[in-house]
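The structure appears right after this line, and notes come after that.
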Amino acid sequence: MDREIVNYIIKYFHNLMTDDEKLALKYRMHTYKISDNHPINSMMNSSGPKMSESLQDSYDKFELDIATRIMTEIPEKVFLNYCPKCNKLARTPFAQQCRYCRYSWHLLKVARFKINSSFQLTGRSFYLIGQLIEGEINPGQFIDLRTLGIFKEVKIESIEFALKRQNEMRYEDIALGIDTLTEEEKQYFKNRDSLSVSIDIVCKIPSKNLMSPKNV
11 MDREIVNYII KYFHNLMTDD EKLALKYRMH TYKISDNHPI NSMMNSSGPK MSESLQDSYD
71 KFELDIATRI MTEIPEKVFL NYCPKCNKLA RTPFAQQCRY CRYSWHLLKV ARFKINSSFQ
131 LTGRSFYLIG QLIEGEINPG QFIDLRTLGI FKEVKIESIE FALKRQNEMR YEDIALGIDT
191 LTEEEKQYFK NRDSLSVSID IVCKIPSKNL MSPKNV
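Each residue of the sequence shown is one higher than the one before, starting from 11 at the first, in this note's numbering.
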């Protein structure tokens, strides 16, 4: 795993660290960034550059170990936001413009959808139910869940209509069927009686949002 990916995971997916890792990382950062007049720093200077290099190597190795564990145990919770054009890693999980080739993928949004609720029948897809705010939705497009803290784009497998009744009026909500949410992610929606959140529907982005352990 290269240093750019390690830094990205440590910075933007700090919540995936264990309590022990967070504590140890905080201690190591404090140790490495001590002031110039600190006794430990004086000892490092008197010991020559090899001592400083050794501490930096140790710090880098510690961050690498954390990132490797995360990508081995829970890779589905990490969104590696790659540029659709040059395939280089974007600056943040939310970035929509490449810092290398300057390609922008803002225009890949095709619709806006308001999620009101969710449900799942045994043996069927998980459905997000709501209304179309703008644009047009078709199977094969993707739901961008990053604004909800779920760093992935999930494919719309099917579109159905859910009959609703309110104040003696009948109307139809749109139900978007998806199959790639984890049980924990499904629970996020199930635990909320009224969501009322708006998300983007986007065209397929050839991103590498998952990294298998063999590539770490």
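Idealized CB from N, CA, C, for every residue including glycine. Bear in mind that the values here come from a model prediction, so they are computed numbers and not experimental data.
Can you give the beta carbon distance from residue i to residue j, rounded, assuming they're within the 8 angstroms contact cut?
i: residue 152; j: residue 163; result: 4 angstroms
i: residue 100; j: residue 91; result: 4 angstroms
i: residue 212; j: residue 120; result: 6 angstroms
i: residue 274; j: residue 84; result: This structure cannot speak to residue 274, because the chain is shown only from 11 to 226.
i: residue 69; j: residue 109; result: Not quite, the Cβ-Cβ distance comes to about 25 angstroms (not below 8 angstroms), so this is no contact.
Confirm, please, whether the CB-CB distance from residue j to residue i is below 7 angstroms.
i: residue 135; j: residue 149; result: no
i: residue 125; j: residue 138; result: yes
i: residue 206; j: residue 122; result: no
i: residue 160; j: residue 73; result: no
i: residue 189; j: residue 154; result: no
i: residue 128; j: residue 199; result: yes
i: residue 131; j: residue 184; result: no
So what does DSSP say about residue i, is it helix, strand or coil?
i: residue 54; result: Its pLDDT being 46, under 50, residue 54 is placed unreliably in this model, and the value from its coordinates should be taken loosely. Note: residue 54 maps to helix in three-state DSSP.
i: residue 113; result: coil
i: residue 99; result: strand
i: residue 71; result: helix
i: residue 167; result: coil
i: residue 77; result: helix
i: residue 136; result: strand
i: residue 194; result: helix
i: residue 178; result: coil
i: residue 36; result: helix
i: residue 13; result: helix
Closer than 7 angstroms by C-beta to residue i: which residues in its own chain qualify, once you throw out the five before and the five after it? Chain order, please.
i: residue 111; result: 93, 95 and 96
i: residue 114; result: 106 and 107
Assign residue i to buried or exposed, taking buried as 16 or more other Cβ atoms, counted over all protein chains shown, within 10 Å of its Cβ.
i: residue 81; result: buried
i: residue 191; result: buried
i: residue 194; result: exposed
i: residue 140; result: buried
Excluding the 5 residues flanking residue i on each side, which residues of the same chain have their C-beta closer than 8 angstroms to its C-beta?
i: residue 104; result: 91 and 156
i: residue 180; result: 173 and 174
i: residue 116; result: 106 and 107
i: residue 145; result: 119, 120, 121, 122 and 211
Keeping to the same chain, check which residues put their C-beta closer than 6 angstroms to that of residue i; ignore five residues upstream and five downstream.
i: residue 48; result: The predicted position of residue 48 is uncertain, since its pLDDT is 49 and thus under 50; a value taken from the coordinates is nonetheless stated next. Within the same chain, residue 48 has no close Cβ partners at all.
i: residue 165; result: 152
i: residue 31; result: 76
i: residue 79; result: none
For the ligand SAH, is there any heavy atom lying closer than 6 angstroms to the beta carbon of residue i?
i: residue 28; result: Among the components of this structure there are no ligands whatsoever, and the ligand SAH is therefore not found.
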